[in-house]
Structures are given as C-alpha cells and as structure tokens.
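Report on the structure given below.
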C-alpha cells in the first residue's frame, strides 16, 4: 500500500543493482509478478493476449509476461510498434524470449485479442506524447478488448495528475512495487481503472502510504481498564454563530459520536438551542479567548465562523498554547506558523488551500500530494487536503492518501463533521498522525456504507455521525 514518486522508484532500482540484483533480475521478478497477479484475477486460458511493448524497461516487463503466458499455453502475441528493445535488460530478455521459439512483430495487428496489455512506457515517460506514440495509443483505445496497463497507463504522468489527451484508458492497472502518485491525481487518475500493486521483492522505503482498515481499527477500540469520561479527553470546539449554528452542530455530533470523552462548544448564545437539540452531551462557554492554562486536551476551531480579525486574534492565542489545534473553514488563512507552540492540523478543501498557498486551484488539484506535503514541511503542520483521495501530509515529509469516500461527501457540512471526528480521535490517540488519518478514513467509510444501500447523492452530512457506530464496527470486524 506504498506510494512512490518516479525518482524513488529509480533510486530503489539503483540500490537493488548495487546490492547485486541486476536489471535483468528485476525485470524477471516484475514479469512473473504480473503473470501471477493476472492469473489470480482472470481465467487466462479463456483469453487471447495482445501485448503492445515499448523499447525500454516497461516493454521488457511485457516481454517477460509474454514468455510466461506462452509457456503456460495461453495464446499471446507480442508487438513492438515503436521498434525493438534498446535497453540492455530488455534486449537480453527479448533474446531469451526469441531463443525459446516465440515470435514478435514490429507492426500493429489488425485487431487485438480479448485482453490488450499496454507495456509501452513506464515512469520515465515525457509528455506530450510524440505523434508515433499517439497513433499507437489511439489504436489501442479503439479496441474492444479488456485493457490492462503495466505500472501506469501510457500517457499518464507518474508524479502529478497531468496526462495526454491520447493517453491509454485502462480497465485495470498493475502497478509495480507501489502506487504511483498519479493514481490519485486527476485527470490522470481516471485512466487507471481498477489498480493492484504487484510486489517485486524490493524492500519498501516510501513514507507515503494508503491507510488500511487494519491500521484504522486500532483507533476505534480501547483495551485499557477503569475508563471514565476523562480517559478520552476534554475537547473544545470553537464553532458556530447565530447565523450558522448548523456547522457547530455537525462538528459536535461527529466528535461525540466518535468517542470524545467531554466536549465544550465555544459559540454565541443564540446558537445554543440549535446545537443542544442535536448534541445534548455538549457543554458551552462564551469566553471568546483562550487562556494558556486552560483545561482542554485538544481544540478545534473555525466551523461556521467568519475569517475575520476576531478569529485571527483567537488563532494567535491558540498557537501560543501547547495542546493540539485543528483549524478549519473560518480559521484557515494565509499565515505563518513559525511561532506556534502546539501541534497544528489544517483541513482545507482545494479552494481554501489555493487561497492559503497562492497557487491556482487547478495546480493544487493536479499536484495534491506534492503541494500538501510541501506546505506541511514548510510550516511544520499537518495538512488534510480534502476532496477525492483526501491527502494527509505531515511535517516530516510523509503522509497518507485516503481511498474511502464518494460523491456523497460533496456537500456543505461534510467537512464540519470531519473536524469533529479528528478532534475526537486526537483526544483518544496520542499519535496525532494515526488519529488524523484514521478520522479521514472513518469519515469516508461512512459515506461508502451509505452508498451500499442508497444513492450517494441522498446522503446528508448529518447522517455521517449516525453511521459511525455501524461503520466502526465493520472496520473492526475486517481486521
């Protein structure tokens, strides 16, 4: 479940070669890994394979795959429409393939078999595609076969969401050693189809991962004894106003449903009747300031609040104290965090992050992982960049990409609930990285659970808190 940039994959290959694993061996491991994965997913003996290979190492992976298919008695044709292999390892594998009596062609066939494999280019591809490559990918896209890509679809960038308009559109992609960032970045992500990672025997060194249910389950259980409400922390939620009480209600509901021991809401008096009708468990205060010696274990601020001078004064007070702070909505602003004394978590959507960074929203969306990571490292904060495949980036340069959730979350108020979930899990888990990533996962999984029974568009943000108990139970049972 690891994610690797192209430079990291190249470094891993170099390290492997320095330690005695040749490029020829790496290619062999990739090819047999692909063969085993495809054999496990498909009844290969019911299909005819057409492999379109390039001249480099990605083409070499296709050569090895073709050899294993041929040896297994599976009909397979190998084509090199851009020319025969030129990289040393690919040439060696092609020589071995040919020595076994298997043939190949440098032309394109009239039509493909029932499974068409894209083995043209890997992580080193440069965009835009050259005209001769476009002609090949256009032909591939016209075929009615099931379309499979090796590592990433030809025409998709590796490290960002860029892609060529002639890019190969895969139904399934087998990604070698780990996911590539573009699997989670649009528009390139739309080219991958179902994606499976193929292990090739290299040690994992990436500090970016996809969070799993097994990992999340740890945040949703308590194995201690003699628990009481103080065991699970006292959170402060600075949220809501007389004209926006709903945001505070949603965030507070999320916090209580996710296990906050005690919750105090700092809001305007006019908002209390609305909030209390939804969250009777909450307490209230009206002091618009934060004392350094306060009794709270974590603080979330901004839901349903305007981004004004009063909020900035409050943020200065929050950053001067030492308990974790979660900033959302009205608490987000272009600012420096160099003087902060506390752990800080910012939770922007792409538009807010664009404002915070001065980068265009289109740029933010195409570089979500890199952009969030750069901001987290520069400002020494945790960034939760919301949206499809929410990115959680940490100050040490690592992070998680979340794969739960759906378009049911694309409504105002969903982010408020997420803020409440983060607050609750930060109260319960001293490991802030785990707490934040697990809150994001649980939030998305609630939407997925709703979609199992109803159309995603019918989900209201207020339903998320109602789904937490069953969803958490499902996650725990998966482990």
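In the UniProt record's numbering, the protein residues as written are 1 to 479. Virtual Cβ for every residue (Gly too), placed ideally from N, Cα, C.
{"Item": "Limits of the unbroken alpha helix (DSSP H) element including residue 457", "Value": "Per DSSP, residue 457 belongs to no alpha helix (DSSP H) and is neither H nor E."}
{"Item": "Sub-8 angstroms separation of residue 192 and residue 365 beta-carbons", "Value": "no"}
{"Item": "Proximity winner among 190, 176 and 376, relative to residue 168 (alpha-carbon distances)", "Value": "190"}
{"Item": "CB-CB length for residue 297 against residue 427, believed under 8 angstroms", "Value": "6 angstroms"}
{"Item": "Residue closest to residue 412, alpha-carbon to alpha-carbon, out of 462, 265, 346 and 423", "Value": "462"}
{"Item": "Expected contact under 8 angstroms - CB spacing of residue 116 and residue 147 to nearest Å", "Value": "5 angstroms"}
{"Item": "Cβ-Cβ distance between residue 89 and residue 23 below 8 angstroms", "Value": "yes"}
{"Item": "Cβ neighbour criterion (16 or more within 10 Å) applied to residue 72", "Value": "exposed"}
{"Item": "Enclosing alpha helix (DSSP H) for residue 59 [first to last residue]", "Value": "57–71"}
{"Item": "At least 3 beta-carbon pairs within less than 8 angstroms: the segment 407–424 vs the segment 370–379", "Value": "no"}
{"Item": "Through-space distance from residue 112 to residue 74, alpha-carbon basis", "Value": "15 angstroms"}
{"Item": "For residue 441 and residue 335, the rounded distance between their alpha carbons", "Value": "28 angstroms"}
{"Item": "Delimiting residues of the alpha helix (DSSP H) encompassing residue 356", "Value": "350–357"}
{"Item": "Given residue 54 as reference, the closest of 85, 33 and 46 once Cα atoms are compared", "Value": "85"}
{"Item": "Ranges of the beta strand (DSSP E) found wholly within the segment 152–226, counting only runs of at least 3", "Value": "172–176, 194–198 and 208–210"}
{"Item": "Distance between residue 207 and residue 149 (C-alpha atoms, nearest Å)", "Value": "25 angstroms"}
{"Item": "Limits of the unbroken beta strand (DSSP E) element including residue 283", "Value": "283–285"}
{"Item": "Inter-stretch contact at 8 angstroms, needing at least 3 Cβ pairs: the segment 442–452 / the segment 232–251", "Value": "no"}
{"Item": "Cα-Cα separation between residue 251 and residue 261, rounded to whole angstroms", "Value": "15 angstroms"}
{"Item": "Sub-8 angstroms separation of residue 212 and residue 181 beta-carbons", "Value": "no"}
{"Item": "Coarse secondary structure for residue 399, derived from DSSP in three states", "Value": "strand"}
{"Item": "Identity of the residues DSSP links to residue 266 by a beta bridge", "Value": "238 and 285"}
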